[in-house]
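To start, the structure itself, in structure tokens.
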Amino acid sequence: MQNGYDIVIVGGGVIGMMTARELSQHGANVCVIDQADTGKAASWAGGGILSPLYPWTQNDAITHLAHWSQRAYPQLSADLQADSGIDPEYLASGLLALNVDVGEASAWASKWNIPLETVSPGDVQRLEPYLAESEQAIRLPDVAQIRNPRLLRSLRDSLDKRGVTVIENQAVNSIANDGTRVTGVVTDSGDISANHVVVACGAWTSKLLEPIGCPTIYPARGQMILLRTPPDSFRNIVLVDHHYLIPRQDGRLLVGSTLENTGFDNSTTDDAKTELKTFARTLAPILSSCPVERHWAGLRPGNDRNTPYIGAHPEMEGLYVNSGHFRNGLVLAPASARLMADLVTNQAPILPPQAYAIQ
5 MQNGYDIVIV
15 GGGVIGMMTA
25 RELSQHGANV
35 CVIDQADTGK
45 AASWAGGGIL
55 SPLYPWTQND
65 AITHLAHWSQ
75 RAYPQLSADL
85 QADSGIDPEY
95 LASGLLALNV
105 DVGEASAWAS
115 KWNIPLETVS
125 PGDVQRLEPY
135 LAESEQAIRL
145 PDVAQIRNPR
155 LLRSLRDSLD
165 KRGVTVIENQ
175 AVNSIANDGT
185 RVTGVVTDSG
195 DISANHVVVA
205 CGAWTSKLLE
215 PIGCPTIYPA
225 RGQMILLRTP
235 PDSFRNIVLV
245 DHHYLIPRQD
255 GRLLVGSTLE
265 NTGFDNSTTD
275 DAKTELKTFA
285 RTLAPILSSC
295 PVERHWAGLR
305 PGNDRNTPYI
315 GAHPEMEGLY
325 VNSGHFRNGL
335 VLAPASARLM
345 ADLVTNQAPI
355 LPPQAYAIQ
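Taking the numbering used here, the leading residue of the sequence shown gets 5, the next gets one more, and so forth.
Below, the structure written as structure tokens:
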């Protein structure tokens, strides 16, 4: 058995790496293990919107996590840049949501004290001149975005600086245990001992925990494309019919996304590319002539209760799960990581943990 750690985290996406960073700040000896390169699965493939889509339709448990994370991100982004020299490109660009129930969104904003602007059809074109005609819309001016590949690289460098051990391209085959308590993990290269194990491997969580018992977390494929657009074509994130445009600072425009039940197949398809191109050019005809620079897919970790699992395993001491964030991994990551660290280290939790517990 390899040298032991206080905590082994299975999964090197944004949830796993942020959890490792939080735990290392408590002085824990932490190891992150990923079956591939860190930060190359769903976390890399996402759009980087730091808000749930249609946040007024989310349950309170999601909203509490999102609001805590949204408050944390500006300082976190600055700290990661200081640690790594990599700018995650946090940008408060605002979210313009078209053809929505304005009354429902306004009631939610009033309840949670969220700034919300009602936008008339004429003002939609003033805000985003290239958009085709729209019905009444709302704008959430405080919604931000982050360049997730850069965020993930800065997180990886931050872990190195903080002395976290990172093992890449090493599959964890099972959770080592004595029947009642974890003793570590079993990998292709042997056992690694640990006092605690946090499973944060997204869509692969149920596969790993099946012998022990676990909540059902399943893969949901999402495909996206990246367009090269004229400079400053769009300023806001634009959301309509569960698809979106995300303008990047370098002049590119991210168009997403599909939602497909294809198991663990994360290949791209021509049909999805056509769907996304059609959405983009219908919403903004100027995009018809913009070339597609990239097309990719990722597997989101979905679950049927629509709330992530963040907590201790009810039947195996020392085992924890931080997974099932579906489309909200990036926006919920800071709060999920802090809550997980609080629970592992027996600190007062930042949020009541019952809503995220494994039943």
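We put the CB at the ideal spot given by N, CA and C, even for glycine.
As the structure is a prediction and not an experimental result, all values here were calculated from the model.
*Take every Cβ of the region 47-58, pair it with every Cβ of the region 185-195, and state whether three or more of those distances are shorter than 8 Å.*
Touching, no.
*Would you mind reading off the limits of the beta strand (DSSP E) that contains Y313?*
Position 309 of the sequence shown, counted from the first residue, corresponds to residue 313. Here the beta strand (DSSP E) through Y313 covers 313-316.
_Candidates N177, P125, S88, of which the one nearest V106 by Cα_ = Reading the sequence shown from its first residue, position 102 is the one you call residue 106. The shortest C-alpha to C-alpha distance from V106 to any of N177, P125, S88 is the one to P125.
*How about E108 and W60: do their beta carbons lie closer than 7 Å?*
Working through the sequence shown from its first residue, we reach residue 108 at position 104. Working through the sequence shown from its first residue, we reach residue 60 at position 56. If you check the CB distance, E108 and W60 come in under 7 Å.
_Using a Cβ distance threshold of 8 Å, determine whether the region 320-334 contacts the region 292-299, with at least three qualifying pairs required._
Verdict: no, contact absent.
*Rounded Cβ spacing between R166 and S28 (contact assumed at less than 8 Å)*: One-based indexing of the sequence shown puts residue 166 at position 162. One-based indexing of the sequence shown puts residue 28 at position 24. Indeed, because the Cβ distance is near 5 Å, the residues count as touching under 8 Å.
*Pick from G16, R342, P353 that is closest to E172, judged by C-alpha positions*: Here residue 172 refers to the residue found at position 168 of the sequence shown. If we check each option's Cα against that of E172, G16 comes out closest.
*Among all the DSSP beta bridges, which residues are the ones paired with Y222?*
Within the sequence shown, numbered from 1, the residue matching residue 222 stands at position 218. Secondary-structure assignment with DSSP links Y222 through a beta bridge to G306.
*Just tell me which of C218, V147, R143 has its CA closest to the CA of I179.*
Within the sequence shown, residue 179 is the residue found at index 175, counting from 1. Nearest Cα to I179 within the set C218, V147, R143: C218.
*Is P145 helix, strand or coil by DSSP?*
Here residue 145 refers to the residue found at position 141 when the sequence shown is read from its first residue. It is coil, neither helix nor strand.
*If you compare alpha carbons, which of P215, D38, T282 is closest to G183?*
Locating residue 183 in the sequence shown gives position 179, where the first residue counts as 1. Ranking P215, D38, T282 by CA distance to the CA of G183 puts P215 first.
*Spatial distance of P119 from V186 (CA atoms)*: Indexing the sequence shown from 1 puts residue 119 at position 115. Indexing the sequence shown from 1 puts residue 186 at position 182. Taking the straight line joining both Cα atoms gives about 46 Å.
*Could you tell me which of L99, R154, R239 sits nearest to I142, measuring between CA atoms?*
Taking the sequence shown and counting its residues from 1, one reaches residue 142 at position 138. Of L99, R154, R239, the smallest CA-CA separation from I142 is found for L99.
*Do you know whose CA, among H329, A301, M320, P289, lies nearest N379's CA?*
No answer is possible for residue 379: the residues shown for the chain start at 5 and end at 363.
_Please report the straight-line C-alpha distance between S210 and R157, rounded to a whole angstrom._
Translated into the one-based positions of the sequence shown, residue 210 becomes position 206. Translated into the one-based positions of the sequence shown, residue 157 becomes position 153. Taking the straight line from one Cα to the other gives about 27 Å.
*Report buried or exposed for D274, applying the criterion of at least 16 other Cβ atoms within 10 angstroms of its Cβ.*
By 1-based counting over the sequence shown, the position of residue 274 is 270. Flag for D274 reads exposed.
*Can A65 and A359 be called in contact, C-beta distance under 7 Å?*
On the sequence shown, residue 65 is found 61 positions in, with the first residue counted as 1. On the sequence shown, residue 359 is found 355 positions in, with the first residue counted as 1. Cβ atoms of A65 and A359: closer than 7 Å.
*Own chain partners of T23 with C-beta closer than 7 Å, once the 5 adjacent residues on each side are dropped*: In the sequence shown, counting from the first residue as 1, residue 23 sits at position 19. Beyond the five residues adjoining it in sequence on each side, T23 comes within less than 7 Å, by CB distance, of I13, V202, A204, N326, A341, M344, A345 in the same chain, given in chain order.
*Using a threshold of 7 Å, state whether the C-beta atoms of P338 and A76 are closer than that.*
For the purposes of this step, residue 338 is taken as the residue at position 334 of the sequence shown. For the purposes of this step, residue 76 is taken as the residue at position 72 of the sequence shown. Result yes, Cβ atoms of P338 and A76 sit closer than 7 Å.
*Around the C-beta of Y9, are 16 or more other C-beta atoms found within 10 angstroms, so that it is buried, or is it exposed?*
Looking up residue 9 in the sequence shown gives position 5. By the neighbour-count rule (16 or more Cβ atoms within 10 Å), Y9 is buried.
*Does DSSP classify N332 as helix, strand or coil?*
Here residue 332 refers to the residue found at position 328 when the sequence shown is read from its first residue. In the structure shown, N332 falls within a helical segment according to DSSP collapsed to helix, strand and coil.
*Report all residues from its chain with a CB closer than 8 Å to the CB of S110; omit the five preceding and five following residues, and keep chain order.*
As a first step, residue 110 must be located in the sequence shown, where it is residue number 106. Result list for S110: L120, T122, I142, in chain order.
*asked:* Which of the three DSSP states is assigned to Q62 in this structure?
replied: On the sequence shown, residue 62 is found 58 positions in, with the first residue counted as 1. Correct three-state label for Q62: coil.
*Residue from W112, D161, L291 with nearest C-alpha to D87*: In the sequence shown, residue 87 corresponds to position 83, counting from 1. Cα-wise, what sits closest to D87 is D161.
*Taking the C-alpha atoms as reference points, what is the distance between Y248 and E321?*
Walking along the sequence shown from the start, residue 248 turns up at place 244. Walking along the sequence shown from the start, residue 321 turns up at place 317. About 42 Å.
*Could you give the DSSP three-state label for M5: helix, strand or coil?*
If you number the sequence shown from 1, residue 5 lands on position 1. Its pLDDT being 44, under 50, M5 is placed unreliably by the model, and the measurement read from it follows with that caveat. Looking at M5 - three-state DSSP - the assignment turns out to be coil, as it is neither helix nor strand.
*Best match in P356, A352, V348, L336 for proximity to H71 [C-alpha to C-alpha]*: Within the sequence shown, numbered from 1, the residue matching residue 71 stands at position 67. Closest option to H71, Cα to Cα, is L336.
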